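J.: In my numbering, the protein residues as written are 220 to 860.
C-beta atoms are modelled at their ideal positions from N, C-alpha and C, and glycine is treated no differently.
Treat the numbers as computed from the prediction; the structure is a model and nothing was measured.
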């Protein structure tokens with residue numbers, strides 16, 4: 220067994236090299252106590268198999284003098300002093316460290332420069348705009364508040380200007396280890412601030428693990444998500460009256476605790492559903508366990524008053540979704556976060572219908588007549604858009620999205636800007652109307668496998684091309700509607716990005732959908748139109764149609780007139796669809812230029828390093844498409860068979 224002194228060298232390797240603090244005057248140098256253990260080395264053993272650190276060993280000193288580390292003369296601190304507040308100030312006051320506009324050295328920002336701002340950074344850039352779950356009144360009230368502050372610091376580190384990704388990775392890993400010791404939190408029937416803060420930390424940690432771009436940490440994301448699902452189910456079973464707001468109003472503090480629990484459950488449900496189209500994971504929390512009161516409006520949640528004069532009980536997600544489907548209206552006092560939840564409720568309902576129709580007997584209409592159990596309708600491959608029942612549900616979901624979009628447009632007119640709800644509404648059409656899963660698999664095969672004739676990958680690739688081409692031709696109206704929202708999605712992200720963790724993945728998927736459409740769309744014959752059955756019916760408004768006959772193109776990535784959008788959806792194969800920086804998406808070089816434009820947009824979303832992986836995939840895809848167009852010929856052969 221090695222002695223603690225034999226580990227001294229290894230422990231010191233984790234410490235940042237000496238860095239001179241900036242902007243410290245002679246008096247300030249005696250005031251600020253700055254730690255040396257600021258980061259985790261990339262070479263660190265993440266399983267701690269060879270690092271035996273005993274923090275209580277009296278013979279081992281892991282803290283050097285400040286003279287050695289920070290260049291401050293005559294400063295020697297004990298471990299106790301380093302863990303104590305400076306000049307009687309609390310550790311939660313983030314304004315005690317000096318600020319500087321100078322360039323920061325990687326590994327120093329957590330403590331030495333702007334690290335004290337990281338919890339505030341997380342609150343300012345993440346919590347109110349992206350996932351509003353932590354109420355400021357409850358941040359510091361539990362014995363585990365330091366864990367929540369660590370989680371907020373880890374999220375806040377993603378928004379630092381240093382570009383020091385290892386700092387964020389270190390904090391996410393540190394938080395993961397802390398939470399690993401906690402086990403199940405909602406295992407009792409008592410809802411406490413401490414249990415809420417710990418599960419909130421788990422949720423923030425999952426986001427860090429899944430989206431920070433670290434391969435080392437990504438391996439933990441599935442287990443972290445499973446842990447969150449377990450916490451959700453435990454709280455859902457143990458606190459039904461709280462989650463459904465069936466208890467009388469007992470004051471603002473009790474309401475904040477209950478509202479925090481509801482927002483936490485909704486956020487876990489939201490994150491798990493998002494992981495389905497982000498990472499192709501299996502979802503467990505569908506609508507059956509989501510009958511929870513919707514979050515209140517943002518102005519009530521963020522109010523700093525002790526009076527709740529305008530307290531209004533919110534409906535459950537199930538009721539709001541039912542009213543939206545059946546009555547085509549949104550209930551009053553539904554905030555932005557609640558609308559995002561409703562969008563994902565539409566996903567869940569549509570996925571549920573699709574899953575049921577994948578079962579052969581549910582595609583059969585009961586009859587007293589004898590039938591054929593081996594008929595193609597019951598045993599053949601299922602293409603959901605050709606099933607009338609699925610189409611009815613999908614159309615109903617699109618109607619609901621239109622209702623939400625009309626209200627969002629009204630809010631945009633009042634505010635003069637767009638919030639993240641609009642981004643979710645545009646992307647919803649891609650989730651519901653586009654085959655994003657086979658498109659993503661196509662890209663993965665092209666960048667990692669040989670898809671030339673004769674290989675197993677070629678057979679899989681041809682099957683995927685066939686699915687996408689069937690979408691383009693047999694589901695052409697929904698395909699062009701999805702294209703419209705792909706373009707407007709780009710327009711929104713270019714102008715109103717909130718640097719949310721989910722933006723890079725959404726941009727990547729939208730880019731691939733447009734690329735696949737442009738690559739596999741059948742060429743339009745000169746002088747023909749794809750109006751289809753429209754020409755077989757009397758035109759209700761000949762004047763309106765004649766006015767639009769001369770329109771030959773549409774710019775997808777800018778707000779369009781509703782009539783122009785409808786024209787493109789109905790007969791868009793005869794129109795030229797363009798995007799800024801791409802030109803026509805169906806031109807010979809349109810798909811390649813679309814990949815470059817998507818990569819260009821990803822370069823602007825630099826807060827969450829998962830975008831680097833998507834940029835690498837797009838770069839490899841660009842190289843494949845530029846050097847070898849064999850895969851396009853493969854798609855053409857599929858179309859001709």
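Since residue 776 contacts residue 841 with CB under 8 Å, what's their CB separation in whole angstroms?
T.: Going by Cβ atoms, the distance from residue 776 to residue 841 rounds to 20 Å, so no, they are not a contact pair.
J.: Taking only three categories from DSSP, how would you classify residue 389?
T.: Helix at residue 389.
J.: When you compare the CB positions of residue 601 and residue 580, do they come within less than 8 Å of one another, or not?
T.: It is not a contact, given that the beta carbons lie outside the stated cut-off.
J.: Consult DSSP for residue 606 and reduce its assignment to one of helix, strand or coil.
T.: Note: residue 606 maps to coil in three-state DSSP.
J.: Can you list, in chain order, the residues of its chain whose CB lies under 8 Å from that of residue 845, leaving out five sequence neighbours each side?
T.: Excluding positions up to five away in sequence, the list reads 811.
J.: Is the Cβ-Cβ distance between residue 453 and residue 416 less than 8 Å?
T.: Against a cut-off of 8 Å, the Cβ pair of residue 416 and residue 453 comes out as no contact.
J.: Take the Cβ of residue 551 as the centre, count every other Cβ of all protein chains shown within 10 Å, and call the residue buried at 16 or more, exposed below.
T.: Looking at its Cβ environment, which holds fewer than 16 other Cβ atoms inside 10 Å, residue 551 is exposed.
J.: Where does the unbroken beta strand (DSSP E) through residue 486 begin, and where does it stop?
T.: Note, residue 486: premise wrong, no beta strand (DSSP E); alpha helix (DSSP H) at 471 to 498.
J.: Between the stretch 444 to 451 and the stretch 379 to 397, do three or more beta carbon pairs fall short of 8 Å?
T.: No: fewer than three Cβ pairs fall under 8 Å.
J.: With H, G and I counted as helix, E and B as strand and the rest as coil, what does DSSP make of residue 258?
T.: Per-residue confidence for residue 258 stands at a pLDDT of 39, beneath the threshold of 50, marking its modelled position as unreliable; the derived number appears in the next sentence. If DSSP states are grouped into helix, strand and coil, residue 258 belongs with coil.
J.: For residue 772, report the span of its beta strand (DSSP E) as first-last.
T.: From DSSP, the beta strand (DSSP E) with residue 772 extends over 772 to 774.
J.: Could you pull out every residue in the same chain whose Cβ sits closer than 6 Å to the Cβ of residue 557, ignoring the five residues on either side in sequence?
T.: Excluding sequence neighbours, residue 557 sits near 513 and 514.
J.: Name the one or two DSSP bridge partners that residue 802 has.
T.: Paired residue(s): 798.
J.: May I have the straight-line CA-CA distance separating residue 690 from residue 653, to the nearest angstrom?
T.: So the two alpha carbons sit approximately 8 Å from each other.
J.: In or out: residue 819 buried (at least 16 other Cβ within 10 Å) or exposed?
T.: When all chains shown are included, residue 819 counts as exposed.
J.: Okay, do the stretch 605 to 621 and the stretch 660 to 678 touch, 3+ Cβ pairs below 8 Å being the bar?
T.: Output reads no: the stretch 660 to 678 does not touch the stretch 605 to 621.
J.: Please name the residue in 516, 469, 739 and 781 whose C-alpha comes closest to that of residue 681.
T.: Closest option to residue 681, Cα to Cα, is 739.
J.: Report all residues from its chain with a CB closer than 7 Å to the CB of residue 356; omit the five preceding and five following residues, and keep chain order.
T.: Excluding residues within five positions, the ones whose Cβ falls inside 7 Å are 475.
J.: Just checking my contact of residue 562 with residue 643 at CB under 8 Å: how many whole Å lie between their CB atoms?
T.: About 5 Å separates the two Cβ atoms, so the contact holds.
J.: Quick check on the DSSP output: the alpha helix (DSSP H) that includes residue 842 runs from which residue to which?
T.: First-last of the alpha helix (DSSP H) with residue 842: 829 to 846.
J.: Which residue comes first and which comes last in the alpha helix (DSSP H) that contains residue 361?
T.: No alpha helix (DSSP H) contains residue 361, which DSSP labels as neither H nor E.
J.: Taking residue 657 as part of the alpha helix (DSSP H), name the residues at either end of that continuous run.
T.: Run containing residue 657: 655 to 667, per the alpha helix (DSSP H) assignment.
J.: Hey, how far is the Cα of residue 687 from the Cα of residue 479?
T.: Approximately 43 Å, taken between the alpha carbons.
J.: If we ignore side chains and look at the alpha-carbon of each, how far apart do residue 446 and residue 439 end up?
T.: Answer to the nearest angstrom: the Cα atoms are 11 Å apart.
J.: So if DSSP puts residue 535 in a beta bridge, which residue, or which two residues, is it bridged to?
T.: DSSP output for residue 535 lists 512 as bridge partner(s).
J.: Out of 839, 725, 814 and 483, point me to the one whose CA is closest to residue 350's CA.
T.: The candidate whose alpha carbon is nearest that of residue 350 is 483.
J.: Mark residue 608 as exposed unless 16 or more other C-beta atoms lie within 10 angstroms of its C-beta, in which case mark it buried.
T.: That one is exposed.
J.: Out of 791, 685 and 637, state which residue places its alpha-carbon closest to the alpha-carbon of residue 710.
T.: Among 791, 685 and 637, the Cα nearest to that of residue 710 is on 637.
J.: Please return the same chain residues whose Cβ sits closer than 7 Å to the Cβ of residue 549, not counting the five positions on each side in sequence.
T.: So the list reads 543, 622, 623 and 626, once near-sequence residues are dropped.
J.: Straight-line CA distance for residue 257 to residue 481?
T.: Low confidence applies here, because residue 257 scores a pLDDT of 38, under 50, leaving its location unreliable; read the following figure in that light. Looking at the two C-alpha atoms, the distance is approximately 36 Å.
J.: Determine the direct distance from the alpha carbon of residue 427 to that of residue 796, and round the result to whole angstroms.
T.: Approximately 38 Å, taken between the alpha carbons.
J.: Residue 719 lies in the alpha helix (DSSP H); which residues open and close that run?
T.: No alpha helix (DSSP H) holds residue 719; DSSP gives it neither H nor E.
J.: Looking only at its own chain, which residues have a Cβ that is under 8 Å from the Cβ of residue 455, when we skip the five neighbours before and after it?
T.: Taken in chain order, the residues that qualify are 462, 484, 508 and 511.
J.: Residue 693: which of 423, 604 and 807 sits nearest, CA to CA?
T.: Measuring from the Cα of residue 693, the nearest candidate turns out to be 604.
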